[in-house]
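Using the UniProt record's numbering, the first residue of the sequence shown is number 1, and each one after it goes up by one.
Beta carbons are placed, not taken as given, at the ideal position from N, Cα and C, and that holds for glycine.
Here's the structure we're looking at; comments come further down.
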Amino acid sequence: MSSTTLKSLEHSEFKISCTKFASSFSSSRSCDVDLNDLISELTVIQSTLPDRAMSVMDIFEFVRESDCYPNISIAYRIFFTMPVTVTSAERSFSKLKLLKNYLRSTMS
1 MSSTTLKSLE HSEFKISCTK FASSFSSSRS CDVDLNDLIS ELTVIQSTLP DRAMSVMDIF
61 EFVRESDCYP NISIAYRIFF TMPVTVTSAE RSFSKLKLLK NYLRSTMS
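What follows is the structure in C-alpha coordinates.
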(Lines of atoms letter the chains of each structure in order from A and count residues from 1; the text may use other names and numbers.)
(Lines give C-alpha, C1' and ligand atoms only; values in the text may rest on other atoms or scores of the structure.)
Protein backbone atom coordinates (compact mmCIF):
# COMPACT_ATOMS: atom_id res chain seq x y z
CA MET A 1 0.00 0.00 0.00
CA SER A 2 1.53 3.30 -1.03
CA SER A 3 1.53 6.38 1.17
CA THR A 4 -1.16 8.08 -0.91
CA THR A 5 -3.47 5.08 -0.48
CA LEU A 6 -2.72 4.92 3.23
CA LYS A 7 -3.49 8.60 3.69
CA SER A 8 -6.79 8.37 1.81
CA LEU A 9 -8.27 5.52 3.89
CA GLU A 10 -11.13 6.21 6.26
CA HIS A 11 -11.13 5.07 9.89
CA SER A 12 -13.84 2.47 9.19
CA GLU A 13 -11.70 0.95 6.41
CA PHE A 14 -8.79 0.72 8.87
CA LYS A 15 -10.95 -1.14 11.34
CA ILE A 16 -12.20 -3.65 8.77
CA SER A 17 -8.73 -4.33 7.35
CA CYS A 18 -7.10 -4.58 10.77
CA THR A 19 -9.78 -6.95 12.03
CA LYS A 20 -9.26 -9.24 9.03
CA PHE A 21 -5.49 -9.10 9.51
CA ALA A 22 -5.64 -9.83 13.25
CA SER A 23 -8.08 -12.71 12.81
CA SER A 24 -5.94 -14.25 10.06
CA PHE A 25 -2.73 -14.17 12.07
CA SER A 26 -3.86 -15.03 15.57
CA SER A 27 -4.21 -18.31 17.40
CA SER A 28 -6.62 -19.18 20.16
CA ARG A 29 -4.12 -18.13 22.85
CA SER A 30 -2.10 -15.28 21.43
CA CYS A 31 -1.80 -12.72 18.70
CA ASP A 32 1.36 -11.00 17.49
CA VAL A 33 -0.47 -7.76 16.80
CA ASP A 34 -2.86 -5.99 19.17
CA LEU A 35 -5.91 -4.97 17.14
CA ASN A 36 -6.74 -1.72 18.96
CA ASP A 37 -3.10 -0.61 19.04
CA LEU A 38 -2.71 -1.35 15.33
CA ILE A 39 -5.75 0.77 14.49
CA SER A 40 -4.43 3.59 16.69
CA GLU A 41 -0.96 3.40 15.17
CA LEU A 42 -2.36 3.50 11.64
CA THR A 43 -4.44 6.54 12.51
CA VAL A 44 -1.36 8.32 13.88
CA ILE A 45 0.96 7.31 11.04
CA GLN A 46 -1.62 8.56 8.54
CA SER A 47 -0.96 12.10 9.73
CA THR A 48 2.79 11.75 10.31
CA LEU A 49 3.83 10.30 6.94
CA PRO A 50 5.67 12.76 4.70
CA ASP A 51 3.69 14.30 1.83
CA ARG A 52 5.88 12.74 -0.85
CA ALA A 53 4.83 9.47 -2.50
CA MET A 54 6.37 6.48 -0.71
CA SER A 55 6.52 2.81 -1.64
CA VAL A 56 5.77 -0.02 0.78
CA MET A 57 9.47 -0.44 1.54
CA ASP A 58 9.87 3.31 2.13
CA ILE A 59 6.98 3.26 4.61
CA PHE A 60 8.50 0.25 6.36
CA GLU A 61 11.85 2.05 6.65
CA PHE A 62 10.05 5.11 8.03
CA VAL A 63 8.26 2.94 10.61
CA ARG A 64 11.47 1.14 11.58
CA GLU A 65 13.50 4.33 11.90
CA SER A 66 10.87 6.13 13.98
CA ASP A 67 10.59 3.14 16.37
CA CYS A 68 7.14 4.33 17.51
CA TYR A 69 4.89 1.87 15.73
CA PRO A 70 5.64 -1.68 16.95
CA ASN A 71 2.39 -3.23 15.69
CA ILE A 72 2.75 -1.74 12.22
CA SER A 73 6.34 -2.98 12.11
CA ILE A 74 5.22 -6.51 13.01
CA ALA A 75 2.43 -6.38 10.41
CA TYR A 76 4.89 -5.33 7.70
CA ARG A 77 7.33 -8.08 8.67
CA ILE A 78 4.55 -10.67 8.47
CA PHE A 79 3.52 -9.24 5.10
CA PHE A 80 7.08 -9.36 3.73
CA THR A 81 7.68 -12.97 4.77
CA MET A 82 4.52 -14.39 3.19
CA PRO A 83 5.07 -16.08 -0.16
CA VAL A 84 3.25 -14.38 -3.00
CA THR A 85 1.57 -17.60 -4.08
CA VAL A 86 1.43 -21.18 -2.89
CA THR A 87 3.34 -22.17 -6.00
CA SER A 88 6.40 -20.15 -5.00
CA ALA A 89 6.40 -21.81 -1.56
CA GLU A 90 6.02 -25.28 -3.12
CA ARG A 91 8.82 -24.51 -5.54
CA SER A 92 11.07 -23.54 -2.63
CA PHE A 93 10.37 -26.80 -0.84
CA SER A 94 10.95 -28.75 -4.05
CA LYS A 95 14.36 -27.12 -4.53
CA LEU A 96 15.19 -27.74 -0.88
CA LYS A 97 14.40 -31.43 -1.31
CA LEU A 98 16.75 -31.65 -4.31
CA LEU A 99 19.47 -29.87 -2.39
CA LYS A 100 19.10 -32.14 0.63
CA ASN A 101 19.31 -35.24 -1.56
CA TYR A 102 22.48 -33.91 -3.19
CA LEU A 103 24.04 -33.08 0.16
CA ARG A 104 23.13 -36.48 1.60
CA SER A 105 24.69 -38.28 -1.34
CA THR A 106 27.96 -36.35 -1.01
CA MET A 107 28.37 -37.04 2.71
CA SER A 108 29.41 -40.71 2.40
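Task: Pair within 8 Å by beta-carbon distance, residue 32 and residue 74 - done: With respect to residue 74, residue 32 sits close: the two C-beta atoms are nearer than 8 Å.
- [ ] Rank 64, 77, 43, 96 by C-alpha distance to the C-alpha of residue 14 and give the top, closest one.
- [x] 43
Task: Reference residue 9; option with closest CA among 26, 22, 45 - done: With distances taken between Cα atoms, residue 9 lies closest to 45.
TODO: Ignoring anything shorter than 3 residues or poking outside the stretch 14-46, list the beta strand (DSSP E) runs there in chain order.
DONE: Contiguous beta strand (DSSP E) elements confined to the stretch 14-46 do not occur, taking only those with 3 or more residues.
- [ ] For residue 59, count neighbouring C-beta atoms within 10 Å of its own C-beta (all shown protein chains included) and say buried if the count is 16 or more, exposed if not.
- [x] So residue 59 counts as buried.
TODO: Using the Cα positions of residue 3 and residue 25, report the straight-line distance between them to the nearest angstrom.
DONE: Distance between the alpha carbons of residue 3 and residue 25: 24 Å.
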